[in-house]
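*Asks:* Using numbering that gives the first Met the number 0, the first residue of the sequence shown is number 0, and each one after it goes up by one. Each residue gets a CB set at the ideal place from its N, CA and C atoms; glycine is no exception.
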Amino acid sequence: MTDVILEIHFHSRGPWHQQLEDACRGLAEEIAQAPGLKWKIWTENRDTRLAGGIYLFANEADAEDFLLTHRKRLEALGVTEFESHLYEVNEQLSLITRAPL
Numbered sequence: 000m001t002d003v004i005l006e007i008h009f010h011s012r013g014p015w016h017q018q019l020e021d022a023c024r025g026l027a028e029e030i031a032q033a034p035g036l037k038w039k040i041w042t043e044n045r046d047t048r049l050a051g052g053i054y055l056f057a058n059e060a061d062a063e064d065f066l067l068t069h070r071k072r073l074e075a076l077g078v079t080e081f082e083s084h085l086y087e088v089n090e091q092l093s094l095i096t097r098a099p100l
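#1: Mind checking which residues open and close the beta strand (DSSP E) that includes Gly-35?
#2: Verify whether the separation of the beta carbon atoms of Gly-52 and Trp-41 is less than 8 angstroms.
#3: Which residues mark the beginning and the end of the beta strand (DSSP E) in which Ala-50 is found?
#4: Taking Glu-80 as part of the beta strand (DSSP E), name the residues at either end of that continuous run.
#5: Could you please give the first and the last residue of the uninterrupted alpha helix (DSSP H) stretch that includes Leu-67?
#6: Rounded to whole angstroms, what is the Cα-Cα separation between Tyr-86 and Ala-27?
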C-alpha cells in the first residue's frame with residue numbers, strides 16, 4: 000500500500016500560535032488516535048487567515064475515513080468551507096529529499 004497525504008485548509012479568525020496550542024491540545028491528542036495516521040503537521044498563517052494541516056496516512060481508506068470524521072468536527076466548530084486534497088506519496092523520491100516517512 001502507498002502512503003497518502005491529506006491536506007486540509009480553511010479560513011480562520013484564530014487563535015494563533017501559543018493560544019492555538021493551548022486551545023487545541025485535546026484535539027491534537029484525539030487526532031493522534033486516528034486509525035492509520037502516521038503524523039500531522041499543523042499549519043497556520045495569521046496574515047492570510049488560513050489554518051489546517053498536512054497529514055500522512057498509511058492508506059487512502061483511513062485518510063478518507065478521517066476526512067469524513069474531521070469534516071463533522073470542523074462543522075461543529077463553525078467551519079463550513081474548507082479545501083481538502085488527497086495525494087499518493089512517491090516514497091522513493093520523497094526519501095531522497097529526506098521526507099519523514
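*Replies:* Quick answer:
#1: Per DSSP, Gly-35 belongs to no beta strand (DSSP E) and is neither H nor E.
#2: yes
#3: 49-56
#4: No beta strand (DSSP E) holds Glu-80; DSSP gives it neither H nor E.
#5: 59-75
#6: 22 angstroms
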